[in-house]
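Encoded as structure tokens, the structure appears first; notes follow it.
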Amino acid sequence: MPDLLIELFSEEIPARMQRRAADDLKKLMTNGLVEAGLTYASAGAFSTPRRLTLTVEGLLSESPTTVEERKGPKADAPEKAIEGFLRGAGLARDDLEERDTPKGPVLFARIEKPGRPAADIIAEVLATTIRSFPWPKSMRWGSGSLRWVRPLHSILCLLTDEAGAEVVPLNVDGIVSGDATAGHRFMAPDQFSVTSFEDYAAKLKRAFVVLDPAERADSIWNDATNQAFAAGLEVVEDQGLLAEVAGLVEWPVVLMGRIGEDFLDLPAEVLQTSMKEHQKFFSVRNPKTGRIEQFITVANRETKDNGATILAGNEKVLSARLADAKFFWDNDLRVARADAGNGMAPWMDKLRDVTFHNRLGTQADLIARMSALARTLAPMVGADPDAAAQAARVGKTDLASEMVYEFPELQGVMGRYYLREAGYSEPVADAARDHYAPLGPTDDVPVEPVSLAVALAEKIDKLTGFWAIDEKPTGSKDPFALRRAALGVIRIVLENDLTLRLSDGFEAAAGALADIRDAGAADTADLLSFIHDRLKVYLRDQGIRHDVIDACIAMPGNDDLALLVRRARALSEVLNTEDGENLIQAFRRANNILTQAEEADGVEYSYGADPKFSQTDEERALFEALDEAEARITPAMEKQDFTTAMAAMAGLRAPVDAFFTAVQVNDDNATVRRNRLNLLSRITRICAAVADLTRIAG
0 MPDLLIELFS EEIPARMQRR AADDLKKLMT NGLVEAGLTY ASAGAFSTPR
50 RLTLTVEGLL SESPTTVEER KGPKADAPEK AIEGFLRGAG LARDDLEERD
100 TPKGPVLFAR IEKPGRPAAD IIAEVLATTI RSFPWPKSMR WGSGSLRWVR
150 PLHSILCLLT DEAGAEVVPL NVDGIVSGDA TAGHRFMAPD QFSVTSFEDY
200 AAKLKRAFVV LDPAERADSI WNDATNQAFA AGLEVVEDQG LLAEVAGLVE
250 WPVVLMGRIG EDFLDLPAEV LQTSMKEHQK FFSVRNPKTG RIEQFITVAN
300 RETKDNGATI LAGNEKVLSA RLADAKFFWD NDLRVARADA GNGMAPWMDK
350 LRDVTFHNRL GTQADLIARM SALARTLAPM VGADPDAAAQ AARVGKTDLA
400 SEMVYEFPEL QGVMGRYYLR EAGYSEPVAD AARDHYAPLG PTDDVPVEPV
450 SLAVALAEKI DKLTGFWAID EKPTGSKDPF ALRRAALGVI RIVLENDLTL
500 RLSDGFEAAA GALADIRDAG AADTADLLSF IHDRLKVYLR DQGIRHDVID
550 ACIAMPGNDD LALLVRRARA LSEVLNTEDG ENLIQAFRRA NNILTQAEEA
600 DGVEYSYGAD PKFSQTDEER ALFEALDEAE ARITPAMEKQ DFTTAMAAMA
650 GLRAPVDAFF TAVQVNDDNA TVRRNRLNLL SRITRICAAV ADLTRIAG
């Protein structure tokens with residue numbers, strides 16, 4: 000079986016597009032080959048800044064011959080119908096076979112498609128792939144019609160087997176396939192021929208090209224950490240930057256440079272952000288002081304002076320960039336220090352002219368609402384109301400600072416520095432940084448009380464506000480990141496085990512929106528339902544079923560998320576036991592019998608079960624078990640001890656099973672029948688005190 004090697008060689012592909020492009024090449028080619036009948040053993044895709052590479056091993060040398068049988072019209076059908084069938088099948092009238100069927104004689108066509116050589120199929124599939132490649136952005140060049148991310152220079156397409164290597168003939172917009180590629184642009188620019196993937200990868204390595212992006216990333220990280228360690232420093236880990244830099248070079252050469260003394264006192268976040276965004280540098284930190292003191296850059300070539308000239312140029316450019324950052328920092332500090340204790344008035348004035356949303360007012364309006372809401376929420380999270388209100392009032396003022404204007408991703412981070420310089424307390428300053436969190440599913444949530452109050456105030460105001468103007472998420476569209484805000488509320492509440500009623504927060508936020516002219520009345524019940532939907536997704540990842548959550552949402556107090564989740568986890572644990580699962584079946588049986596009887600009799604059997612009407616030991620045992628369970632469940636539920644309540648409920652399994660085995664509920668004696676139906680009602684009522692078991696699937 001031959002192996003296939005494809006390389007599409009072009010000008011530099013943007014780093015952010017390379018991984019997706021390699022995956023797309025593999026998917027489009029392998030799907031196309033399989034659809035044409037060419038199966039394979041394995042496939043791998045690689046990328047460098049100037050090439051996309053695909054290797055396919057164990058490919059069939061030709062597609063198999065296939066035979067297809069098609070049923071046609073009846074033998075006595077109109078001639079035009081038969082002619083249409085013949086055209087579709089590509090056959091003549093003599094090629095058809097007439098067969099007897101229950102519906103009479105019917106014409107059948109047997110269509111044989113001979114196999115095709117692999118090279119012919121590969122050429123067709125590759126040409127189609129190149130012409131329809133799904134680049135996010137593409138361009139045309141010269142006089143051709145082909146679109147590619149950057150000008151495409153050559154196509155390498157080889158089939159290799161025991162007999163040798165064969166070029167798959169292909170011509171795409173004047174680019175003719177061959178067996179040649181080129182090495183590093185500067186260090187080995189000459190072309191060379193290859194005979195297989197192993198030969199290709201080895202010759203590329205000798206031509207200063209590391210084909211595998213994972214290998215380039217590992218090389219960069221190992222060299223960077225080793226150089227930093229030798230200097231008593233450590234590299235600040237950044238996997239996203241590492242992947243990007245690995246996509247910028249074909250032959251990574253790691254160099255460590257120094258940051259000018261004038262800039263070492265800049266906040267670490269400023270240095271990291273400036274170097275990452277503008278220069279794609281890794282930050283190197285002194286573990287003893289936490290300061291960023293040096294940087295790592297990755298060159299794309301070796302030089303005679305071991306990178307000295309490259310480093311000197313990078314240090315010069317970096318100094319210019321950091322001079323701008325230092326200018327912003329110094330200017331912002333002057334504003335913060337001059338306005339100490341005055342609520343950051345100059346920046347607050349600017350925020351009165353910055354629109355938050357055209358129907359929800361300015362940033363200053365948002366801040367006023369957040370401050371009032373944070374004061375309301377503060378007692379619920381153990382925060383001082385005055386501190387929470389103050390933190391909400393000043394926590395977003397850094398949005399008007401020069402540093403955040405230049406680096407928006409530093410919002411909050413810079414606010415903490417500026418508030419500390421202005422003399423605000425640590426909890427208030429920390430809230431400026433923490434109230435945006437969590438921004439992602441793996442981010443840490445705030446834990447300090449003041450930060451909790453402000454973070455919840457921001458997210459609850461956002462959710463309530465957009466609900467009030469009917470700007471809810473639809474389908475996959477969520478332009479205002481409301482799903483992220485809802486998940487943030489959920490994680491903050493659950494990971495801090497906060498006991499608070501979200502309905503109170505929604506109502507307080509809705510009250511603050513009353514002065515917004517374009518805002519309607521927020522549907523807080525619908526908003527709570529949205530939170531519950533996000534909660535289901537969050538808990539599903541923790542192994543809790545949707546129906547279990549639904550059974551708990553149906554209970555009172557479902558706006559207290561911590562209470563709701565404790566109940567759901569306890570119920571989930573019970574249902575994972577044999578007693579719990581069997582009790583659900585028994586509950587369902589009791590509920591069905593009771594419902595049918597009430598519908599038939601037109602009465603409600605909800606009171607009056609009396610042990611004195613019991614006729615069997617199983618009935619009497621069930622009465623005793625229900626008394627014991629209720630005596631345990633009632634105080635446990637008052638204490639919100641769901642584990643004890645669920646265990647007591649599960650303990651009913653044996654006596655309920657015994658009751659249904661030994662007793663006929665619909666007894667001929669009307670008094671006995673009524674007593675037993677009331678007993679079933681008591682079973683369902685006791686279980687329903689724990690959760691709405693009617694919502695459990697099964």
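Using numbering that gives the first Met the number 0, read the sequence shown as starting at 0 and increasing by one per residue.
Quick reminder that beta carbons are idealized off the backbone N, C-alpha and C, glycines included.
Given the structure is predicted, the values throughout are model-derived calculations rather than measurements.
Take the Cβ of residue i as the centre, count every other Cβ of all protein chains shown within 10 Å, and call the residue buried at 16 or more, exposed below.
i    : result
L317 : buried
T38  : exposed
V353 : exposed
T463 : buried
Y773 : Look at the range of the chain in this structure, 0 to 697, and you will see that residue 773 is not part of it.
R566 : buried
P48  : buried
T272 : buried
E457 : buried
K70  : exposed
Q362 : buried
L265 : buried
K275 : buried
E249 : buried
L438 : exposed
S62  : buried
Q389 : buried
A698 : With the chain represented from 0 up to 697, any question about residue 698 goes unanswered, as that position is not in the structure.
P1   : buried
A599 : exposed
P212 : buried
V602 : exposed
V244 : buried
W140 : exposed
Assign residue i to one of three DSSP states: helix, strand, or coil.
i    : result
D626 : helix
Q278 : helix
F465 : helix
T224 : helix
A91  : coil
F326 : helix
T47  : strand
M554 : coil
A151 : Before going on, a small fix: residue 151 reads as Leu here, not Ala. Strand, per DSSP.
L232 : coil
E6   : strand
Could you check if residue i belongs to the surroundings of the ligand HEM, using beta carbon to heavy atom distance under 7 angstroms?
i    : result
T296 : This structure simply doesn't include the ligand HEM, nor any ligand for that matter.
Residue i bridges to which residues according to DSSP?
i    : result
K26  : Partner(s): none; K26 has no beta bridge.
P116 : E61
V105 : K73, R98
G722 : Absent from the structure is residue 722, since the part of the chain shown begins at 0 and ends at 697.
F294 : G256, S282
M343 : Looking at the DSSP assignment, M343 forms no beta bridge with any residue, so it has no partner.
I110 : E67
L85  : The partner list for L85 (beta bridge, DSSP) is empty, contrary to what the question assumes.
T54  : L4, G43
M138 : W147
Does residue i come within less than 8 angstroms of chain C when only Cβ atoms are used?
i    : result
R290 : The structure shown contains no chain C, having only a single protein chain.
In chain order, each alpha helix (DSSP H) run of at least 4 residues that lies wholly inside the stretch 474–526: Given a length threshold of 4 residues, each whole run of the alpha helix (DSSP H) inside the stretch 474–526 is given here in chain order: 481–494, 501–511.
Complete runs of the beta strand (DSSP E) confined to the stretch 167–197 [at least 3 residues]: 174–177, 179–181, 190–192, all fully within the stretch 167–197.
3-residue-minimum beta strand (DSSP E) runs that sit fully inside the stretch 346–403, ordered along the chain: Unbroken beta strand (DSSP E) runs of no fewer than 3 residues, entirely contained in the stretch 346–403, are found at 354–356, following chain order.
Contiguous alpha helix (DSSP H) assignments of at least 4 residues, all confined to the stretch 556–603: Within the stretch 556–603, the complete alpha helix (DSSP H) segments at least 4 residues long are 560–574, 577–600, listed from N- to C-terminus.
Inter-stretch contact (C-beta, 8 angstroms, three-pair minimum) for the stretch 530–537 and the stretch 649–656: Verdict: no, contact absent.
Three CB pairs or more closer than 8 angstroms across the stretch 19–29 and the stretch 120–132: A contact is defined here as three or more CB-CB pairs under 8 angstroms, and the stretch 19–29 meets this definition with respect to the stretch 120–132.
Sufficient close CB pairs (3 or more, under 8 angstroms) joining the stretch 423–442 to the stretch 463–472: Contact fails: fewer than three Cβ-Cβ distances are below 8 angstroms.
Stretch pair the stretch 180–191 + the stretch 256–272: three plus CB contacts closer than 8 angstroms: Touching, no.
Validate contact between the stretch 296–309 and the stretch 441–453 using beta carbons, cut 8 angstroms, 3 pairs: Too few Cβ pairs lie closer than 8 angstroms, so no.
Meets three-Cβ-pair contact criterion under 8 angstroms: the stretch 655–671 and the stretch 632–640: Touching, no.
Three or more C-beta pairs below 8 angstroms linking the stretch 401–410 and the stretch 325–332: By the Cβ rule, the stretch 401–410 counts as touching the stretch 325–332, because three or more pairs are nearer than 8 angstroms.
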